[in-house]
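Let me begin by presenting the structure, written as structure tokens, before commenting on it.
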Amino acid sequence: MNVPANTLAIARQSLLEPAGIDEHALSQLFARLMTARVDDADVYFQYSRHEAWSLEEGIVKSGSHNIEAGVGVRAVAGEKQGFAYSDDIVLPALLDAATAARAIAHEGGAARTPVRFENVAGHALYAPADPLASLADDAKVKLLEIVEREARAQDPRVKQVMASLAAVHETVLIARADGRLAADVRPLVRLNVTVIVEADGRRETGTAGGGGRQSYPYLIENDLARAYAREAVRQALVNLDAVEAPAGTMPVVLGPGWPGILLHEAIGHGLEGDFNRKGTSAFAGRVGQQVAAKGVTVVDDGTLAGRRGSLNVDDEGTPTQCTVLIEDGILKGYMQDLLNARLMGVAPTGNGRRESYAHLPMPRMTNTYMLAGSHDPGEIIASVDKGLYAVNFGGGQVDITSGKFVFSASEAYLIENGKVTRPVKGATLIGNGPDVLTRVSMVGNDLKLDTGVGTCGKEGQSVPVGVGQPTLRIDSLTVGGTQA
Amino acid sequence: MSSVIAPATSDTFADAAARRRLAEVVEIALAEAKRLGASQAEAAINVSQGLSVTVRLGEVETVEHTRDKGLGVTVYFGQRSGSASTTDLSAAAVRDSVRAACAIAKYTAEDDCAGLADPALLAREFPELGLYHPWNPGMDQAIAAARECEAAARAEDKRITNSEGATLSTHAGLEVYGNSHGFLGHQAATRHGLSVSVIGQDDSGMQRDYWYTVDRAPGKLESPESVGREAARRTVRRLGGRKLATGKWPVVFEAPVADSLLSHFVGAVRGSSLYRGASFLPDSLGKPVFASGVRLHEQPHLPGALGSTAFDNEGVATRARDLVRDGVLQGYVLDSYSARKLKLQSTGNAGGVHNLTLDPLGDAAGLDALLQRMGTGLLVTELIGFGVNTVTGDYSRGAAGFWVEGGAIQYPVEEITVAGNLRDMFRDIVAVGADVDTRGNLRTGSILLGALTVAGD
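Sequences listed follow chains L and E, in order. Residue numbering for the first sequence follows my numbering, beginning at 272 and increasing consecutively. Residue numbering for the second sequence follows my numbering, beginning at 20 and increasing consecutively.
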């Protein structure tokens, strides 16, 4: 099956045909958009359906269905971008948007515009099928009820279970001034469980979940839904016994998988092309330099089948790829969209992403992870006299200019004399991006990717992403507990 | 079909005819819900338009024309509900959305507390709040203002070496809400802003900071020059940041970050947190939750303010009230649903609080006076990360700011965390400054806390 061609056919059928927009109309649009001073232009068509169901107190109380459709029109001249969008997908509205967008390049006569469009072949990393239709509505409700029962069955201390199930079916079509035409049909599902447990008047919470560019049966066939419920309860119960977290700088061992949010915050954002082109990142101008310990290799890979952060083509129509960011400790390159790649004189890397047609694309991560090393995880823990072992995290954030980043542990333990001992309360860990990876002294052989829960925010735009890593030892990191 | 929104440069954007057109769409949605057998329904439409211009290093970087519209509808079949939304306001798309909402309501469960707001609580008076001040600066004037702002920042100090740009934005929104109790309300509001973010550099490395001005009326914005100079001042003062030794210290949260403490408080007294047992302040009505003397109150009808509104997202009339008086909790933050769960009445907070204001406490006028009062400790000017647990009150966030001795700033600090428990922190408020930041819906001056754990070296 030639999925990319199929994808383009689906996209044309659902985005262009209802609006009566053919290649001639696209040419007309580019003729309006392009003047001699416009270097590049693109038109991004999007139609998305989103649904969410949520359960609490044992019943599915609410459900919602949302439709988002529109077209974003962009003209680029040097470093300038003019942008307008319309949520009416009709040619007159698009021509108006084109007039508004090209106003950044004042003068200039007519420019070359495409009359013929050539299809870009993307990957086939997921099926284009509609995930909303992959399960009957009553079965969605039942799935949430099963999750709730599974959580309550784990322990009588479970007082509250909140679960949500959501799916997105997004069809995009990108037409470019150079005549390239690309499309992607993107499914995304997600299940989340949060529980509250109570014992002796103390309440704690635990959260688990996952999903990916899949349909709903993925959550059922692999019994993931019930596994998430058990995991949320396990975390909450651990926290019931947690003592005050330590405060200060100490060795930290990070577990595999989701703790890879370290990489996303500490180095990922700092290696996005826009910040480096502008020289505002703490990593600017450091390609070729050592920014991590030997043995540390980090990639951003948008080509992993079915993963939450994966894309067949990015939102500018560039096929995604596996980009090596750090190889054996040396900084190799940045993540690029078309604008920043052109201005920096490098190749785009398939990292041009946008939240929707109503937002401008910019360099964003896909699935960012560290490759496995050679150490047994047990050996890594045993190497620490006194420190922290952190295995689950909430969110994180970074100041890309100063390089300071944080990520907040939601499940962590003390390590004493090489052994994991007491659980400690959640605490924020803070470090400096450009040097934290130079303090990695052991890399585990247990690479794991996260379960598919990550959402990254940048300049007000949210996109789904993935992270991963093996167990790591960082020789010193500041732990923000209360036990000074 | 033609758009129901007036063109971007039009002053008819929110006029009577525009309101009527949107009201008709709401009527279509409510009528369709009734036709399909819904016992109750509500619909809200938001339309907005705006312009955002960014100048970086003196050159135009982006020009964005924004133009959004959307309809959200919720239907009730007895005690079962379903919701849907769409960005297409054509009659056919609106009816499709209502149908989608009804289809969902077939599968959701009976819920005793579901339903529209109590009709007796719906707003009947719509005071003029001065929220709508349309502005059409034109591209050239917008660019000029952003350019002047960035230039002022870059000229302020030789150590300002780079810029993330200055952005001027203007935005107008019109919102119409109606429900099957017969309520129909509309609200037009504008929001204009100018912001700039610059990079400072010296031997110690790079730092970035920003400043912004925002108001409903363009005439009330700070001047581009003062915004730029303040951004530069805030940036260069961070250069040469050091870590601190780990310890317990008094902490002042500067006004622009102190509002986050109010937001954590709202998270704990919000109905949805309370009925789920997900709050660190359960059953606190009538009990001291803040230090004595603290007053926290809502001012929903404050003219021209960013959080002002005559009715909430369910049409419930908003009213001024004390949430906390002399440190004691007077009420919760409730919408109709959570109010019913708690056997209380809606407080008009569907969608959030309205100009929640922490009054000054103690005799400290501004930030300098608060630092004097603190003597030795930490001034926090930036917080990063999400280390706040509403169930337990545990608090641990990344911070940057200044080390203070003898009431005077000594040097910048960074790569530290501040940690405690919010329950204790609210009780431990020593003073609140009169330097109130009015650029948001949560209004407070700088806050001095008795002690937090500061983690560093």
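The C-beta atom is built at its ideal place from N, Cα and C for all residues, glycine as well. Quick caveat, the model's predicted, so the values are computed rather than measured.
Confirm, please, whether the CB-CB distance from E/G290 to E/D331 is below 8 Å. The count along the second sequence starts at 1 and reaches residue 331 of chain E at position 312. The count along the second sequence starts at 1 and reaches residue 290 of chain E at position 271. No, Cβ-Cβ distance for E/D331 and E/G290 is not below 8 Å.
DSSP three-state call for E/C121: helix, strand or coil? Residue 121 of chain E sits at position 102 when you count from the first residue of the second sequence. E/C121: helix per DSSP, three-state reduction.
Determine which residues of the segment 418-452 of chain E have a Cβ less than 8 Å from any Cβ of chain L, and write them out in chain order. A419, E433, E434, I435, T436, V437, A438, G439, N440
Counting pairs of Cβ atoms below 8 Å between the segment 425-439 of chain E and the segment 389-398 of chain E, do you hit three or more? yes
Any chance the CB of E/Q318 is under 7 Å from a heavy atom of the ligand COA? Looking for the ligand COA in the displayed structure turns up nothing, as the structure carries no ligands at all.
Could you tell me the distance, in whole angstroms, from the CA atom of E/H373 to the CA atom of E/A358? For the purposes of this step, residue 373 of chain E is taken as residue 354 along the second sequence, with counting starting at 1. For the purposes of this step, residue 358 of chain E is taken as residue 339 along the second sequence, with counting starting at 1. So the alpha carbons of these two residues sit roughly 17 Å apart.
State the Cα-Cα distance for the pair E/M20 and E/S109, rounded to the nearest angstrom. Taking the second sequence and counting its residues from 1, the one referred to as residue 20 of chain E is at position 1. Taking the second sequence and counting its residues from 1, the one referred to as residue 109 of chain E is at position 90. Low confidence applies to E/M20: its pLDDT is 31, below 50, so where it sits in the model is not reliable, and the reading given next is rough at best. Spanning the two alpha carbons is a distance of roughly 7 Å.
If you follow the alpha helix (DSSP H) that L/V514 is in, where does it begin and where does it stop? On the first sequence, residue 514 of chain L is found 243 positions in, with the first residue counted as 1. Counting along the chain, L/V514 falls outside any alpha helix (DSSP H), and DSSP gives it neither H nor E.
Can you give me the Cβ contacts of E/P146 inside the same chain, cut-off strictly under 8 Å, excluding the 5 residues immediately before and after it? Mapped onto the second sequence, residue 146 of chain E falls at position 127. Result list for E/P146: H320, A329, in chain order.
Which parts of the segment 549-633 of chain L are runs of the beta strand (DSSP E), unbroken and 3 residues or longer, counting only runs that do not cross its ends? 569-572, 593-598
How is L/N547 classed by DSSP in three states: helix, strand or coil? For the purposes of this step, residue 547 of chain L is taken as residue 276 along the first sequence, with counting starting at 1. Helix at L/N547.
Using the DSSP secondary-structure output, state which residues sit across from E/M158 in a beta bridge. Here the question's residue 158 of chain E lines up with position 139 in the second sequence. E/M158 pairs with nothing; no bridge assigned.
At a CB distance below 8 Å, what residues from the segment 76-99 of chain E approach chain L? Give them in sequence order. E78, V79, E80, T81, V82, E83, H84, T85, R86, D87, K88
Reference E/A174, options E/Q206, E/V246, E/F96, closest by Cα: Position 155 of the second sequence holds residue 174 of chain E. Residue E/V246 is the option with its Cα nearest to E/A174.
Measure from the alpha carbon of L/A392 to the alpha carbon of each residue in L/D585, L/L609, L/L720, L/I701, then state which is nearest. Position 121 of the first sequence, counted from the first residue, corresponds to residue 392 of chain L. Considering only L/D585, L/L609, L/L720, L/I701, the residue with the shortest C-alpha distance to L/A392 is L/D585.
Counting only C-beta atoms, is L/A307 closer than 8 Å to chain E at any point? Along the first sequence, one-based indexing puts residue 307 of chain L at 36. Taking CB atoms only, L/A307 has no neighbour in chain E less than 8 Å away.
Taking 6 Å as the limit between beta carbons, can you name the residues of its chain near E/V23, skipping five residues before and five after? Along the second sequence, read from residue 1 onward, the residue named residue 23 of chain E stands at position 4. Residue confidence for E/V23 is low, a pLDDT of 44 falling below 50, so the modelled location carries little weight and cannot support an answer.
Please tell me whether L/E441 has its Cβ less than 8 Å away from any Cβ of chain E. By 1-based counting over the first sequence, the position of residue 441 of chain L is 170. Chain E contact via Cβ: absent.
Taking Cβ-Cβ distances shorter than 9 Å, what residues in chain E pair up with L/G573? Locating residue 573 of chain L in the first sequence gives position 302, counting from the first residue. Those do not exist, as L/G573 stays about 25 Å from chain E at its closest Cβ, beyond 9 Å.
Can you tell me whether L/K351 is buried or exposed? The criterion is at least 16 other CB atoms within 10 Å of its CB, across all chains shown. Taking the first residue of the first sequence as 1, we reach residue 351 of chain L at position 80. Buried, because 16 or more other Cβ atoms sit within 10 Å of the Cβ of L/K351.
Can you give me the C-alpha to C-alpha distance between E/I64 and E/M158, rounded to a whole angstrom? By one-based count along the second sequence, residue 64 of chain E stands at place 45. By one-based count along the second sequence, residue 158 of chain E stands at place 139. When rounded, the distance between both Cα atoms is 28 Å.
Rounded to whole angstroms, how far is the Cβ of L/A372 from the Cβ of L/G353, which I believe are closer than 8 Å? Working through the first sequence from its first residue, we reach residue 372 of chain L at position 101. Working through the first sequence from its first residue, we reach residue 353 of chain L at position 82. Rounded, the Cβ-Cβ distance is 4 Å, consistent with contact.
Please report how far the alpha carbon of E/T254 lies from the alpha carbon of L/S679, in whole angstroms. Numbered from its first residue, the second sequence carries residue 254 of chain E at position 235. Numbered from its first residue, the first sequence carries residue 679 of chain L at position 408. E/T254 and L/S679: Cα-Cα distance of roughly 26 Å.
Going by Cα to Cα distance, which pick from E/A208, E/A453, E/A35, E/R338 is closest to E/G69? By 1-based counting over the second sequence, the position of residue 69 of chain E is 50. The shortest Cα separation from E/G69 among E/A208, E/A453, E/A35, E/R338 belongs to E/A208.
What's the C-alpha gap between L/A374 and E/G412? For the purposes of this step, residue 374 of chain L is identified with residue 103 of the first sequence, where counting begins at 1. For the purposes of this step, residue 412 of chain E is identified with residue 393 of the second sequence, where counting begins at 1. Their Cα atoms are separated by approximately 51 Å.
Compute the distance between the beta-carbons of E/L49 and E/G197, then report whether it is under 8 Å. For this step, residue 49 of chain E is matched to residue 30 along the second sequence. For this step, residue 197 of chain E is matched to residue 178 along the second sequence. Cβ distance < 8 Å, so E/L49 and E/G197 count as in contact.
Between the beta-carbon of E/H316 and the beta-carbon of E/R295, is there less than 8 Å? Here residue 316 of chain E refers to the residue found at position 297 when the second sequence is read from its first residue. Here residue 295 of chain E refers to the residue found at position 276 when the second sequence is read from its first residue. Not in contact: E/H316 and E/R295 (Cβ atoms no closer than 8 Å).
Label E/V19 either buried or exposed according to how many other C-beta atoms from any shown protein chain fall within 10 Å of its C-beta, with 16 as the threshold for buried. Beyond the ends of chain E as shown, which are 20 and 476, falls residue 19 of chain E; an answer cannot be given.
Beta-carbon contacts of L/A376 that lie in its chain and below 6 Å, excluding the five residues immediately before and after: In the first sequence, the residue the question calls residue 376 of chain L occupies position 105. Within the same chain, L/A376 has close Cβ partners T306, R308, V309, A348.
Name the residues in the segment 476-489 of chain L whose C-beta lies less than 9 Å from a C-beta of chain E; which are they? T476
Distance, Cα to Cα, L/P522 vs E/G97? Within the first sequence, residue 522 of chain L is the residue found at index 251, counting from 1. Within the second sequence, residue 97 of chain E is the residue found at index 78, counting from 1. Those two C-alpha atoms are separated by around 58 Å.
Does the Cβ-Cβ distance between E/S415 and E/T436 come in under 8 Å? Your numbering for residue 415 of chain E matches position 396 in the second sequence. Your numbering for residue 436 of chain E matches position 417 in the second sequence. Cβ atoms of E/S415 and E/T436: closer than 8 Å.
Can you find the residues in the same chain that come closer than 8 Å, C-beta to C-beta, to E/A33, ignoring five residues on each side of it along the sequence? What you label residue 33 of chain E is simply residue 14 of the second sequence in a count that begins at 1. Excluding sequence neighbours, E/A33 sits near Y151, P153, A191, L193, A207.
Min CB distance L/T749 to chain E below 8 Å: Here the question's residue 749 of chain L lines up with position 478 in the first sequence. Closer than 8 Å to some Cβ of chain E, the Cβ of L/T749 qualifies, so yes.
With a 10 Å radius around its C-beta and 16 neighbouring C-beta atoms as the bar for buried, classify E/R166 as buried or exposed. As a first step, residue 166 of chain E must be located in the second sequence, where it is residue number 147. Buried, because 16 or more other Cβ atoms sit within 10 Å of the Cβ of E/R166.
Touching by the beta-carbon criterion (3+ pairs, under 8 Å), the segment 592-604 of chain L and the segment 567-582 of chain L: Because the criterion of three Cβ pairs below 8 Å is met, the segment 592-604 of chain L and the segment 567-582 of chain L touch.
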